[in-house]
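Engineer:
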Amino acid sequence: MPLPKWWRRVHRAYRWGRAGIWLGLSLWLLGHLLTRPAPTWAWLCLVVMSHVTVALIRPLLPDWAKARLVEPIEVSAAQLAASSDSSVEITVDLEPLLAELGDLSPTNEVSTTSREALTARLERIRAECFQHSVSRALMERLNDEVEQLVKRLVEEALVQELNGYLGFGPYERTGSAKPAHQHRSGSWTRSLRTMWGSTNIRVPKLRRGNKERPWQVLERYERSFGPWLDLQLHLYLLGLSQRDLQEILHLSFGQVLSVKAIEHLTDVAQKEMAAFRQARLDDTPPVILVDGVNLKLLCPSGTYHTNQRGQRREVKRRVERVLLAALGIWPDGHYRILCFEVADRETKDNWKKFFRLMVAKGLDTGQLQLVISDGRPGLHTAIRAVFPKTVKHQRCIFHKLKNLADNLAYNRLTLNPDLPHREALKQAKETRARAILREAADIYAGTDIAAIKQRLADFQQKWAALEPKAMRCFLKDFDLTLNYLRVPFPHKKLIRTTNLLERFFREFRNRADEIGCFGSQAQAETLFYLVMKREKAKHALA
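Just so you know, the numbering used here puts 428 at position 393 of the sequence shown, and the rest follows in order with no gaps.
1. Considering only DSSP beta bridges, list what lysine 396 is partnered with.
2. Could you pull the DSSP bridge partners for valine 377 from this structure?
3. Helix, strand or coil for tyrosine 519, going by three-state DSSP, please let me know.
4. Does DSSP put cysteine 552 in a helix, in a strand, or in coil?
5. So if DSSP puts asparagine 329 in a beta bridge, which residue, or which two residues, is it bridged to?
6. Between threonine 416 and the rest of its own chain, which residues show a CB-CB distance below 7 Å, the 5 nearest in sequence each way excluded?
7. Assuming threonine 301 contacts threonine 75 under a Cβ cut-off of 8 Å, what Cβ separation, rounded to an integer in Å, is found between them?
8. Give every residue of the same chain whose Cβ lies closer than 6 Å to the Cβ of methionine 567, excluding the five residues on either side of it in the sequence, and list them in chain order.
9. Can you tell me which of Arg457, Ala54 and Val303 puts its alpha carbon nearest to the alpha carbon of leucine 565?
10. Roughly how many angstroms separate the alpha carbons of tryptophan 63 and isoleucine 92, rounded to a whole number?
11. Residue range of the alpha helix (DSSP H) that leucine 443 falls in?
12. My understanding is that phenylalanine 389 touches leucine 359, with C-beta atoms under 8 Å, so please give their C-beta distance in whole angstroms.
13. Over what stretch of residues does the alpha helix (DSSP H) that includes histidine 86 continue unbroken?
14. Among Cys552, Gly66, Ala444 and Tyr339, which residue has its Cα nearest to the Cα of arginine 348?
15. Using the Cα positions of valine 394 and asparagine 534, report the straight-line distance between them to the nearest angstrom.
16. To the nearest angstrom, how far is the alpha carbon of threonine 400 from that of proline 320?
17. So phenylalanine 513 and alanine 475 are in contact, right, with Cβ under 8 Å, and what is the actual spacing, rounded?
18. Are the Cβ atoms of valine 238 and arginine 219 separated by less than 7 Å?
19. Tell me, to the nearest whole angstrom, how far the beta carbon of cysteine 431 is from that of aspartate 409; I am working on the premise that it is less than 8 Å.
20. Provide the residue span of the alpha helix (DSSP H) that contains valine 303, from first to last.
21. What's the gap between the Cα of cysteine 552 and the Cα of valine 325?
22. Beta strand (DSSP E) containing valine 421: first to last residue?
23. Taking the alpha-carbon positions, what's the leucine 197 to valine 189 distance?
24. How many whole angstroms separate the CB atoms of asparagine 518 and lysine 427, which I take to be in contact at a CB cut-off of 8 Å?
25. My guess is that isoleucine 484 and phenylalanine 494 are in contact by the Cβ rule of under 8 Å, so how many angstroms apart are they, rounded?
26. Nearest to glutamate 381 by alpha carbon, out of Val82, Pro412, Lys464 and Leu536?
27. Rounded C-beta distance between isoleucine 530 and valine 322? I'm assuming under 8 Å.
28. Per DSSP, which residues does leucine 241 bridge with? Please list them.
29. Return the CA-CA distance between asparagine 24 and leucine 362, expressed in angstroms with no decimal places.
30. Reducing DSSP to helix, strand and coil, say where glycine 368 ends up.
31. I need the straight-line Cα distance from tryptophan 498 to arginine 521, nearest angstrom please.
32. So, at 6 Å on beta carbons, what are the nonlocal neighbours of alanine 505 in its own chain, with the 5 sequence-adjacent residues on each side left out?
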């Protein structure tokens, strides 16, 4: 409902009055500053008030007046840029203008996200970066020949599979009437992506029972040939982003696949990942390692926008999350990932939920003996809240030494007088850190707890005066770093640190850094699952 005319007049008068008050205050302050000395902050106040006054007055002016206000600025800028004796370089920020134009330069007539523009860009990359002596016509002929060969072989394999299912070949008489589900009924056409491009194949069908009968050569709704799909998943696992895969697949197909189609490549892996996360734990290890790895992903913001094609799309924002994971170790030395979950942060409550999820999946707290982790705040409390007192908490020795190094103050260093001061200081710090860390690591030699504590006392007596802060950090919860000696486990070195789990995290970080930001939580979980499978096969883990 439009506002009454009198109300619009009152509102306009109010806006003019507000602008007049700010203008009067600005002029009064300007006159005050010109008549007497004033501090810098007073001039800053004048600048701020002037900006506010201009912002209030400008919307009230007619269009011709706004143009008059802008005109002198543009002319003076042009004159300044044209002057040859000027030594001032002016940089014009075009980002706001490009944002208004849809992030396109004036030479682009189509959206950079359109299939035609992306195809042209990939063709330019192919022409500039992949030069060879084979003519394009010969390559097209080779691709056509290979495509026809693949099509013929796949169709023959489908016919042979159907013959094996029926027990007889085409036009072969059996001597008795055949039921309807054994009568052939021609074929239907479907597309299939292979390593040599996309082709259409004919799939034989029956008069009845086509939906109920499974296929071995091609599964139902399968649009990508198995070996081709495995190749793309392997490239994705090695760290290629979806855009990189899009470029590689263009070299294979000669056509651009959408990002949505690229995402479908991981559909099979996502199903396996979902099945792994829902499966129960069939065996409980006596020792588990827990830790978290940070990642970035896009989450729905609840708002929508209309893109250049007029399509309504949900706006996503980048958020930081952490993937919590648990790795189990058995007495025979084999280990594997038991569970992983994405949380917003590493907090006490999130760790409690994670541990309770593992218990719900079948983790036997009676068989569990040791939980190894870093010194994250709240983690020890979460372990004590979920697991019984018989389960001991082992602090990671590597993280303990790392915290010791981070808290070194380097007091009273002895510098080499023959070196420059900066170089001598660096050398002295490295010598101090190397000596302290070497002695701290030697404390954990052997399996005798009494001998370890005696070496700790000697270490404290030697370094407490020089590095008091580092010593306090190292002595805090030191007894928790010895719990690996209090459980009957044959491989003591495997259960002193979280290094086995960090190996998985290192591989995951390498891939995640290449991707940058995951498009969804499921995408991040799928990549971690693929890394888990690859590490399992790489190191022949059980």
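By construction, the Cβ of each residue, glycine as well, lies at the ideal position given by its N, Cα and C atoms. Predicted model only: the values in this text are computed from it and were never measured.
Structural biologist: Result, derived from the coordinates:
1. Per DSSP, none; premise fails for lysine 396.
2. Note: valine 377 sits in a beta bridge opposite Leu358.
3. If DSSP states are grouped into helix, strand and coil, tyrosine 519 belongs with the helices.
4. The answer is coil: DSSP assigns cysteine 552 none of H, G, I, E or B.
5. Under the DSSP definition of a beta bridge, asparagine 329 partners with Val357.
6. Scanning its chain for C-beta atoms nearer than 7 Å, with the 5 sequence neighbours on each side dropped, one finds around threonine 416 the residues Lys383, in chain order.
7. Not quite, the Cβ-Cβ distance comes to about 59 Å (not below 8 Å), so this is no contact.
8. For methionine 567, where only same-chain residues beyond five positions count, the Cβ hits under 6 Å are Ile372.
9. For the residues Arg457, Ala54 and Val303, the minimum Cα distance to leucine 565 belongs to Val303.
10. For tryptophan 63 and isoleucine 92, the distance between alpha carbons rounds to 17 Å.
11. In the DSSP annotation of this structure, leucine 443 is not part of any alpha helix (DSSP H), being labelled neither H nor E.
12. Yes, they are in contact, since the Cβ atoms of phenylalanine 389 and leucine 359 sit about 5 Å apart, within 8 Å.
13. Looking at the DSSP string, the run of the alpha helix (DSSP H) that includes histidine 86 is 75-92.
14. When the alpha-carbon of arginine 348 is set against those of Cys552, Gly66, Ala444 and Tyr339, the nearest one is in Tyr339.
15. Each residue's alpha carbon lies about 24 Å from the other.
16. A direct Cα-Cα distance of roughly 10 Å separates threonine 400 from proline 320.
17. Not a contact, Cβ separation roughly 10 Å.
18. Between valine 238 and arginine 219, the CB-CB gap reaches or exceeds 7 Å.
19. Between the beta-carbon of cysteine 431 and that of aspartate 409 there is about 5 Å, and that keeps the pair under the 8 Å contact cut.
20. For valine 303, the enclosing alpha helix (DSSP H) stretches over residues 302-313.
21. So the alpha carbons of these two residues sit roughly 24 Å apart.
22. Here valine 421 belongs to no beta strand (DSSP E); instead the alpha helix (DSSP H) covers 414-421.
23. So the two alpha carbons sit approximately 12 Å from each other.
24. Correct: roughly 4 Å between the Cβ atoms.
25. The pair is not a contact, with the Cβ atoms about 15 Å apart (cut-off 8 Å).
26. Distance from the Cα of glutamate 381 is smallest, within the candidate group Val82, Pro412, Lys464 and Leu536, for Pro412.
27. Right, the Cβ-Cβ distance comes to about 5 Å (below 8 Å), so this counts as a contact.
28. Paired residue(s): Arg219.
29. In this structure the chain extends from 36 to 577, so residue 24 is not present and cannot be described.
30. Residue state, collapsed to three classes: coil.
31. Distance between the alpha carbons of tryptophan 498 and arginine 521: 28 Å.
32. Within the same chain, Leu439, Asn442 and Leu443 come within 6 Å of alanine 505 by CB-CB distance, once the 5 residues on both sides are set aside.
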